[in-house]
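Below: one structure, written as structure tokens.
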Amino acid sequence: MYVMKKLLLFLLLIPAFANAQDIAYDKQEANGNRSIVTSFVKFAKEKGWTGAEYKIMMDYTGIVNGSSLIKKYYISIPLTLLEREKLSRGRKLLIKFENGNILELANAINVFESDNTYEIIGGMTFYYLHPMYEMSQEQLDSIVKNRVTKLRIETETGKGYFDIDQNSCTKLWNFSGTISKFYNDIQSRLSINNDIHKDF
Numbered sequence: 006m007y008v009m010k011k012l013l014l015f016l017l018l019i020p021a022f023a024n025a026q027d028i029a030y031d032k033q034e035a036n037g038n039r040s041i042v043t044s045f046v047k048f049a050k051e052k053g054w055t056g057a058e059y060k061i062m063m064d065y066t067g068i069v070n071g072s073s074l075i076k077k078y079y080i081s082i083p084l085t086l087l088e089r090e091k092l093s094r095g096r097k098l099l100i101k102f103e104n105g106n107i108l109e110l111a112n113a114i115n116v117f118e119s120d121n122t123y124e125i126i127g128g129m130t131f132y133y134l135h136p137m138y139e140m141s142q143e144q145l146d147s148i149v150k151n152r153v154t155k156l157r158i159e160t161e162t163g164k165g166y167f168d169i170d171q172n173s174c175t176k177l178w179n180f181s182g183t184i185s186k187f188y189n190d191i192q193s194r195l196s197i198n199n200d201i202h203k204d205f
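Residues in the sequence shown are numbered consecutively from 6, following this note's numbering.
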């Protein structure tokens, strides 16, 4: 529920930060908890007359638990739809590396049809579904250190999945590089204490 509320808050902030730096939201609480969210950044663009574009964002949540810090990372790849759709918690994102290995992530939230954002372009309404896939530090390191060549997003309609492939995205393909930059930007922010109560 917390992740969903934060995602909805961030979606409201998108217009204000669309042309700003990659960090769109950074909040540190007095108890040490920290939330950092990047902007949505384009990582792929298909060839052909459609030229479909794909964007991604990363969310970092640091939760203080006694003397330890629990770190959670999430990524979201919005799906563009012609009608509202849902996506259940636990639905998979498969990430294929150049060496053939496959990494599997799970959607951490239930996305309901009412959660879809939308915009009207040329008289047509396009809906956007925003899953949140949780990653461990080890999984994140694998994405940063290895070239990703293909993504498969599990869906609840159609044939049951949607592929994003570097072979189709010859105009742009930079999944691993985008994740790496997000991670570096977040680590840079974490080196700065921005608690409003500090030294007050």
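A virtual CB, placed ideally from N, CA and C, is assigned to each residue, including glycine.
Quantities reported herein were computed from a predicted structural model and do not represent experimental measurements.
Through-space distance from residue j to residue i, alpha-carbon basis
| i | j | result |
| --- | --- | --- |
| Gly53 | Leu156 | 19 angstroms |
| Glu118 | Tyr133 | 10 angstroms |
| Ser196 | Asn151 | 26 angstroms |
| Gly163 | Asp27 | 33 angstroms |
| Val153 | Val69 | 32 angstroms |
| Phe205 | Ala35 | 12 angstroms |
| Gly105 | Leu99 | 12 angstroms |
| Trp178 | Lys50 | 7 angstroms |
| Asp170 | Gly67 | 32 angstroms |
| Ile126 | Ile191 | 33 angstroms |
| Ile107 | Ser93 | 22 angstroms |
| Tyr65 | Phe131 | 28 angstroms |
| Lys76 | Gly128 | 43 angstroms |
| Val149 | Lys203 | 33 angstroms |
| Tyr59 | Glu109 | 19 angstroms |
| Val42 | Asn172 | 29 angstroms |
| Glu103 | Ile201 | 44 angstroms |
Element boundaries [beta strand (DSSP E), containing residue i]
| i | result |
| --- | --- |
| Lys77 | 73-81 |
| Val69 | 58-70 |
| Phe48 | 46-50 |
| Asn112 | 107-112 |
| Phe102 | 97-102 |
| Ala29 | 28-33 |
| Glu39 | The sequence given here has Arg at residue 39, not Glu. Segment 39-43, the beta strand (DSSP E) holding Arg39. |
| Thr85 | 84-86 |
Cβ pair residue i, residue j closer than 8 angstroms
| i | j | result |
| --- | --- | --- |
| Lys176 | Gly56 | yes |
| Glu88 | Glu161 | no |
| Thr183 | Phe48 | yes |
| Tyr79 | Ala113 | yes |
| Asn189 | Gln33 | no |
| Ser40 | Ile61 | no |
| Leu74 | Ile158 | no |
| Lys97 | Ala111 | yes |
Chain C contact for residue i (CB, 8 angstroms cutoff)
| i | result |
| --- | --- |
| Asp64 | Although the question refers to chain C, the structure presented lacks it and comprises just one protein chain. |
Curious, which full-length beta strand (DSSP E) runs of at least 3 residues does the segment 126-181 contain? 129-134, 138-140, 153-159, 166-170
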